[in-house]
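Engineer:
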Amino acid sequence: MSENNYLNDDVAFKKIKTELLTTYHVKDEITNPMVIYKEMDIGNDKERMYDSFSDTYIPLKYIQFADGEIVISAISDYIDFAKGYYQIFSENLFSDKAFDYLYDFFSVEVKGFNLIPYIGNQENEKYLSIYGLGEKANIVYSNIQNSTIQFNADTSNENITHSYEELAPDRVYYGTLLGNKIVSFVGCNNVPLSSTIVDIGLETHEDYRQNGYALSNVAAMSNYLITNGHVVKYCCNHKNANSIKTAVSSGFKTVANEKTFWCVNP
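Each residue of the sequence shown is one higher than the one before, starting from 1330 at the first, in the numbering used here.
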């Protein structure tokens, strides 16, 4: 079986890809051509770029799936630029040279919209890696430790991870319990009962890392979600080597990489 056929037969890959295509306003899977360009057509002028979810302005973003298919989305002013950009960097759309090229171009262009590129926290060097897990057979059950427990918002244990500080009453969590302290745990970034695809997030207190706790909690949460009919999505920036290692060691497979060019008010 070819790599593309293998990916297209994978439950998580197919469902998460369909969801991601919807965010780019692509209704059907890409088959021909391999690359498609979508024009952002919301609002006028500067507001065409505004993204309320992130409270930033996005003149261009693109996603490349593990099967090689690509969607590049830009406001109409930059569609021609996007096509030229792809021609130059088609061999590696996620290289430092490609990102430098984007920065050099937009740092000049968006001045006309009274915007500047957002480069805080090395954002100009990052991209998002998206993983998926949809089959119980791919869960690494050997990662689960006895210290992993299921809990909810009613727990009396102290969460010291500084993540999910306000627990939602309608969600399930899995965490590592040492004494009365939850030192590592996994939560859901959307409501599991209302979504086929559940995006998970995790954190381990800095004093308790490198003990396999994240792996344990991810495996337990994945088992819970898949047993209840969900596909698990896991996202992290590509510079977070530990998070990527957790995804791969937990049985997740790459679905896509995504680059979003953010701009903000000066």
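Here a beta-carbon is modelled for each residue, glycine too, at the ideal position from N, C-alpha and C. All values derive from a computational prediction rather than experimental measurement.
Alpha carbon to alpha carbon, how far is V1520 from G1558? Give it in angstroms, no decimals.
Structural biologist: The sequence position of residue 1558 within the sequence shown is 229, counting from 1. The sequence position of residue 1520 within the sequence shown is 191, counting from 1. About 13 angstroms.
Engineer: Let me make sure I understand the geometry here. Which of I1555, A1549, I1529, F1514 has the alpha-carbon closest to that of Y1537?
Structural biologist: To locate residue 1537, count along the sequence shown from 1; it is residue 208. It is F1514.
Engineer: Can you list, in chain order, the residues of its chain whose CB lies under 8 angstroms from that of Q1479, leaving out five sequence neighbours each side?
Structural biologist: Mapped onto the sequence shown, residue 1479 falls at position 150. Result list for Q1479: V1501, Y1502, Y1503, A1549, Y1553, in chain order.
Engineer: Can you tell me which of the three DSSP states N1488 falls into?
Structural biologist: Your numbering for residue 1488 matches position 159 in the sequence shown. Here N1488 sits in strand by DSSP.
Engineer: Starting from Q1416 and walking both ways along the alpha helix (DSSP H), at which residues does that stretch end?
Structural biologist: Taking the first residue of the sequence shown as position 1, residue 1416 is located at position 87. Per DSSP, Q1416 belongs to the alpha helix (DSSP H) from 1408-1418.
Engineer: Would I1387 and A1585 qualify as a contact pair, given that the criterion is a beta-carbon distance under 9 angstroms?
Structural biologist: As a working mapping, residue 1387 is identified with position 58 in the sequence shown. As a working mapping, residue 1585 is identified with position 256 in the sequence shown. For I1387 and A1585, no; Cβs fall outside 9 angstroms.
Engineer: Could you tell me the alpha carbon to alpha carbon distance between Y1407 and Y1493, rounded to whole angstroms?
Structural biologist: On the sequence shown, position 78 is the one that residue 1407 refers to. On the sequence shown, position 164 is the one that residue 1493 refers to. Each residue's Cα considered, the two are about 38 angstroms apart.
Engineer: Should the region 1445-1455 be called in touch with the region 1527-1545, which here means at least 3 C-beta pairs below 8 angstroms?
Structural biologist: Verdict: no, contact absent.
Engineer: Using CA atoms only, rank isn't needed, just tell me which of G1516, M1363, A1543, K1588 is closest to L1496.
Structural biologist: As a position in the sequence shown, residue 1496 is number 167, starting the count at 1. Nearest C-alpha to L1496: G1516.
Engineer: If you draw a straight line from the C-alpha of S1551 to the C-alpha of E1438, how long is it?
Structural biologist: Here the question's residue 1551 lines up with position 222 in the sequence shown. Here the question's residue 1438 lines up with position 109 in the sequence shown. Cα-Cα distance, rounded: 44 angstroms.
Engineer: Looking only at its chain, what residues have a beta carbon closer than 8 angstroms to the beta carbon of L1457, apart from the 5 residues adjacent to it on each side?
Structural biologist: In the sequence shown, residue 1457 corresponds to position 128, counting from 1. Once the five neighbours on either side are set aside, the close Cβ partners of L1457 are C1564, C1565, N1566, H1567, N1586, E1587, K1588, T1589.
Engineer: What's the call for F1382, buried or exposed, on a 16-neighbour Cβ count within 10 Å?
Structural biologist: Position 53 of the sequence shown, counted from the first residue, corresponds to residue 1382. With fewer than 16 other Cβ atoms within 10 Å, it is exposed.
Engineer: Figure out for me which residue from G1508, K1412, D1499, S1545 has the closest Cα to the Cα of T1533.
Structural biologist: Taking the first residue of the sequence shown as position 1, residue 1533 is located at position 204. If we check each option's Cα against that of T1533, S1545 comes out closest.
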